Amino acid sequence: MAEKLEAAKVLYCGVCSLPAEYCEFGPDFGRCKPWLVENAPDLYPDLLKEANEKAADNVSEKLQSVGISSGGADGAPSPSQTGGTSKKEEVKRLPGGKLKKKERQEVIIEKVVRNKRKSITIVKGLEQFGIKLSDASKKLGKKFATGASVVKGPTEKEQIDVQGDIIYDIVEFITDTWPDVPERSIFFIEDGKKVQAG
1 MAEKLEAAKV
11 LYCGVCSLPA
21 EYCEFGPDFG
31 RCKPWLVENA
41 PDLYPDLLKE
51 ANEKAADNVS
61 EKLQSVGISS
71 GGADGAPSPS
81 QTGGTSKKEE
91 VKRLPGGKLK
101 KKERQEVIIE
111 KVVRNKRKSI
121 TIVKGLEQFG
131 IKLSDASKKL
141 GKKFATGASV
151 VKGPTEKEQI
161 DVQGDIIYDI
171 VEFITDTWPD
181 VPERSIFFIE
191 DGKKVQAG
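Numbering of the sequence shown is given in the numbering used here, commencing with residue 1 and proceeding in unit increments.
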């Protein structure tokens, strides 16, 4: 007589509902990690090491913030206690210790010709001045009676594409409509060179 086979017991993830060994291929492995560390530590030993290292880092950071060095030597409170920030916190660093350069606030206007006759005026950088690009594209479309839309450019930053050659008229419109944008921070791209407007 043949032996009866028992059904395999499968552990399903409580977050993504996939079998636990397939969570890493699921849509959101980052959210599954805490659940897997608690319920299936033997499947992903690397996650357990990661969790232990993070816990150790958190404990060491808490100890450093509570340490004796938090007050000044003469009893004066440190800058973090007075509400000020130190220079070390303000500087952002990239991997490798390189300093991150702060982006200059500038609006770049460029004309692109397609199909020999049709041209598109591209406006980049308005969002740096606190201007909503969707509102700006509507205003540009109404003012110049053309189509204007917000699209992602080649650098994955949003820009406004306006149909037609309005490159020289647009500077006056931008400075009149949004006084926060000074004319000295508006640049044209002509023949691959950046030229200041005005």
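The beta-carbon is built from N, C-alpha and C at its ideal position, and this holds for glycine as well.
All figures in this text were calculated on a predicted structure; none of them were measured in a lab.
Hey, could you find the ends of the alpha helix (DSSP H) residue i is sitting in?
i           : result
residue 31  : 29-39
residue 140 : 133-144
Of the residues the options, which one's Cα is nearest the Cα of residue i?
i           : options              : result
residue 14  : 192, 23 and 6        : 23
residue 162 : 145, 50, 185 and 131 : 145
residue 159 : 184, 107 and 187     : 107
residue 21  : 4, 28 and 43         : 43
residue 147 : 166, 129 and 109     : 166
residue 120 : 3, 6, 184 and 164    : 164
residue 142 : 188, 170, 126 and 7  : 170
residue 10  : 37, 4 and 19         : 19
residue 37  : 131, 50 and 112      : 50
residue 27  : 16, 134, 35 and 34   : 16
residue 189 : 111, 173, 152 and 58 : 111
residue 191 : 62, 113, 35 and 41   : 113
residue 109 : 194, 133, 8 and 152  : 194
What does the Cβ neighbour count give for residue i, buried or exposed, with the cut at 16 atoms within 10 Å?
i           : result
residue 124 : buried
residue 78  : Low per-residue confidence applies at residue 78: pLDDT is 49, beneath 50, and the placement is therefore not dependable enough to give any value.
residue 25  : exposed
residue 88  : For residue 88, the pLDDT reaches just 44, beneath the cut-off of 50, and the residue's location in the model is therefore unreliable, leaving the point undetermined.
residue 177 : exposed
residue 140 : buried
residue 197 : buried
residue 47  : buried
residue 137 : buried
residue 126 : buried
residue 74  : At residue 74 the pLDDT is 49, less than 50, meaning the model places this residue with poor confidence; the figure from the coordinates comes in the next sentence. By the 10 Å Cβ count, residue 74 comes out exposed.
residue 181 : buried
residue 4   : exposed
Sort out for me which residues DSSP pairs residue i with in a bridge.
i           : result
residue 151 : 159
residue 128 : Note: residue 128 sits in no beta bridge, so no partner.
residue 195 : 188
residue 12  : 19
Kindly indicate the opening and closing residues of the beta strand (DSSP E) around residue i.
i           : result
residue 119 : 118-124
residue 113 : 107-114
residue 172 : From DSSP, residue 172 is part of no beta strand (DSSP E) but of the alpha helix (DSSP H) over 169-177.
residue 4   : It is not in any beta strand (DSSP E) - residue 4 carries neither H nor E in the DSSP assignment.
Going residue by residue through the region 42-69, where are the continuous alpha helix (DSSP H) segments of at least 4 residues, counting only ones entirely within it? If only uninterrupted alpha helix (DSSP H) runs of at least 4 residues are considered, those enclosed by the region 42-69 are 45-66.
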